DNA sequence: ACATACCTGACCAAAATGGTCAAGTTTAGA
DNA sequence: TCTAAACTTGACCATTTTGGTCAGGTATGT
C-alpha cells in the first residue's frame, strides 16, 4: 500500500504554486527547479489539474499557472482524483450485481476494505491546500 | 494508492482459518477452494505468516495450519507486516541525514505524508482478527 | 519575429504484481 | 511399510503500473 509519486508531486507542486502565484503566474520550470521534479512529468500532471479546473494556465512569455480556486477549497481529494490517484482497496466494486470472487457472497472481508477506504478518504477530504500552507512554516531539517 | 492482493488474501485466509481451526488444522487446499485464491500463491503467503509466528503448520495427512495466537491478539498491522504490505507514503525516510530531494530541507509536504501514514497505521493497529469475525455474520450479498 | 511557456501524444525501461511450475520433505493412517 | 495428503522451497514469468523521456507542436507578450 503506497502512495505513487504522481500524487505526491501534484500536491508538492500545488503547494509551491500556492505560495508564489499571488504575484505572477508560476512557470512549471520554476516549480521543476524548486521541487526537483522533471519538467516533462510536471506537464503531464498539470494537464490533468487543468482539466479538473484546479489550476488555470496563462500562455506566452511570463505565462505559467495560477490556482483556479481558493486554497481553502482545494482538498486533497480533489487533487488526487484529478491525477487518478484513487484509493483502491477492492476491485470487486464494479461487478456490482455479483459478489466478489464471482460467488454469490461478498468476500469475507469486504466490509473491512470499505471501512478502510472510508477512513483514508475522510483524511483526504478534510485536508485542504490551505492547511498545508500553514503547516509548512518550520520545515527545515 | 491501493491495497495489493497479497495483503487482502492474507487477511481473507486468516479469517477463514480462524473460523475453522477450532476443530482441525485447516489445509491450504480448503482455503483455496473456499476463498478462490490460488493454492500456490497461498503457500507463499503462509510461508511468511509462519515466519512471523502468526500461524503454526502441522505436516502430513490431515495436517494444515492453525492460528498461533488468540484472534484478539492478531492485529491487521501484524498481518500486513508479515506479508510485506507496508504503508509507504514517502521514500525519503531512509536517507535520514539528508532532506527529501537530496536538498537540505524536508520536502514541502513531508509532514503531510507522515500524518497520513500515521492515520492509516492507526486503523490497522486497532483492528484485530476477532473484530473481523464478529463483523462477518451477515455478509450475504 | 522570437523567446518563453504551455500542450500533446508517442514511446520506453524498470519495478512491482500476481501469479505458475517443479521438485522436493514430512507424516498420518491404511 | 507404503502412499497420499499436505507442507516447503525456490526458480521462473507474463502483465501491468510507474515514472518518466522525447519530439514535436501552439499560443502570446514584448
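Protein chains in written order, with the numbering used here: chain C, 1424 to 1564; chain V, 1424 to 1564. Ideal Cβ placement from N, Cα and C applies to all residues, glycine included. Note that this is a predicted model, so its numbers are computed, not measured.
The residue from 1426/C, 1544/C, 1478/C with its alpha-carbon nearest to that of residue 1448/C is 1478/C. Residue 1437/V is positioned such that its CB atom lies closer than 9 Å to that of residue 1472/V. The DSSP-derived three-state label of residue 1461/C is coil. Listed along the chain, the chain C residues whose CB falls inside 7 Å of the CB of residue 1439/V are 1531.
Leaving aside the five residues that flank residue 1556/C on each side, the residues in its chain whose CB is nearer than 8 Å to its CB run, in chain order, 1438, 1441, 1442, 1494. Interface with chain C (9 Å Cβ-Cβ cutoff): residue 1550/V is included. Straight through space, the alpha carbons of residue 1506/C and residue 1551/V are spaced by roughly 33 Å. Taking the Cβ atoms as the reference, residue 1510/C lies roughly 6 Å from residue 1544/C, within the contact range of under 8 Å.
Per DSSP, residue 1539/V lies in no beta strand (DSSP E); the unbroken alpha helix (DSSP H) holding it starts and ends at 1533-1548. Comparing alpha carbon positions, the residue from 1492/C, 1484/C, 1554/C, 1482/C closest to residue 1476/C is 1492/C. Residue state for residue 1471/V is assigned as helix, using DSSP reduced to three classes. Secondary structure of residue 1506/C (DSSP, three-state): coil. With contacts defined by Cβ atoms closer than 9 Å, residue 1547/V and residue 1499/V form a contacting pair. Secondary structure at residue 1426/V: coil, using DSSP grouped into helix, strand and coil. Close CB contacts of residue 1501/V within its chain, under the 8 Å cut and outside five residues either way in sequence, are with 1475, 1477 (chain order). Separation of the CB atoms of residue 1481/V and residue 1489/V is rounded to 7 Å, and the pair is thereby assigned contact status at 8 Å.
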